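Everything in the sequence shown is counted per the numbering used here, starting at 8 for the first residue and increasing by one.
Scroll down for the structure; my scribbles are underneath it.
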Amino acid sequence: MPTQATGIFTFANWDETPVAGTDETSKLARACVTNTFTGAIEAAGTTCEYSIAYVTGKTGVFTGHQLFSGSVDGREGTFAVEERGTFGEDGTVHCTFEVVPGSGTGALAGLSGTGGYTARHGEPSVPYTFSHQLG
Numbered sequence: 008m009p010t011q012a013t014g015i016f017t018f019a020n021w022d023e024t025p026v027a028g029t030d031e032t033s034k035l036a037r038a039c040v041t042n043t044f045t046g047a048i049e050a051a052g053t054t055c056e057y058s059i060a061y062v063t064g065k066t067g068v069f070t071g072h073q074l075f076s077g078s079v080d081g082r083e084g085t086f087a088v089e090e091r092g093t094f095g096e097d098g099t100v101h102c103t104f105e106v107v108p109g110s111g112t113g114a115l116a117g118l119s120g121t122g123g124y125t126a127r128h129g130e131p132s133v134p135y136t137f138s139h140q141l142g
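See below:
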């Protein structure tokens, strides 16, 4: 039975670089992001890489991977998640994520789960949900 958990993450750094396109539409970018998680996931200085496709200057989609080194419910190890999301004209970001199968190490070997968050652009701290289990 999966454990339903919550927490908060805080953006520590966002470094975005244009890849293709120079106007406000049809632009591609990548971002290297550092976050700190508290709650069910305890991890400082996570590394996240996003690929971003802008539809307008304020709307688009993104995919990415984030590597965690820390703990889940007190169990130490590392794991990765795959993320997918959208961002809209109103500044709202919706993201879902899933643990990459087989990525758990240490006491997190066999970890599986899904989660997500909804954020407003410019908010430094964001609540997340995480439904997970150790196999």
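Glycine included, C-beta positions come from ideal geometry on N, C-alpha and C.
The structure displayed is predicted, hence computed values, not measured ones.
| Nearest-angstrom Cα distance between Leu141 and Ala50? | If you draw a straight line from the Cα of Leu141 to the Cα of Ala50, it comes to about 18 Å.
| said: Does Gly113 come out as helix, strand or coil in the three-state DSSP assignment? | reply: helix
| field | beta strand (DSSP E) runs wholly inside the region 65-126, at least 3 long, in chain order | value | Counting whole runs of 3 or more residues, the region 65-126 contains the beta strand (DSSP E) stretches 67-79, 82-94 and 99-106.
| field | Cutoff 8 Å; reference Glu90; Cβ partners in own chain excluding five residues on either side | value | Excluding positions up to five away in sequence, the list reads Cys55, Tyr57, Phe69, Thr70, Gly71, His72, Gln73, Cys102, Thr103 and Phe104.
| DSSP state of Pro25, grouped into three classes? | strand
| field | Buried versus exposed, by CB contacts within 10 Å (16 or more), Val79 | value | buried
| said: Applying the 10 Å Cβ sphere with the 16-neighbour rule, what's the burial state of Thr32? | reply: In this structure Thr32 is exposed. Its beta-carbon is surrounded by fewer than 16 other beta-carbon atoms within 10 angstroms.
| field | Buried versus exposed call for Ala126 [16 or more other C-beta atoms within 10 Å across all chains shown] | value | buried
| field | Same chain only: Cβ atoms within 7 Å of Thr17, ignoring 5 sequence neighbours per side | value | Asn42, Thr43, Pro131 and Ser132
| message | Please identify the residue among Thr13, Val62 and Asn20 whose C-alpha is closest to the C-alpha of Gly28. | response | With respect to the C-alpha of Gly28, the residue from Thr13, Val62 and Asn20 having the closest C-alpha is Val62.
| message | I'd like the span of the beta strand (DSSP E) that includes Pro134, first residue to last. | response | Ser132 to Leu141 is the extent of the beta strand (DSSP E) around Pro134.
| task | Give the DSSP-derived three-state secondary structure of Ser33 in the structure shown. | result | coil
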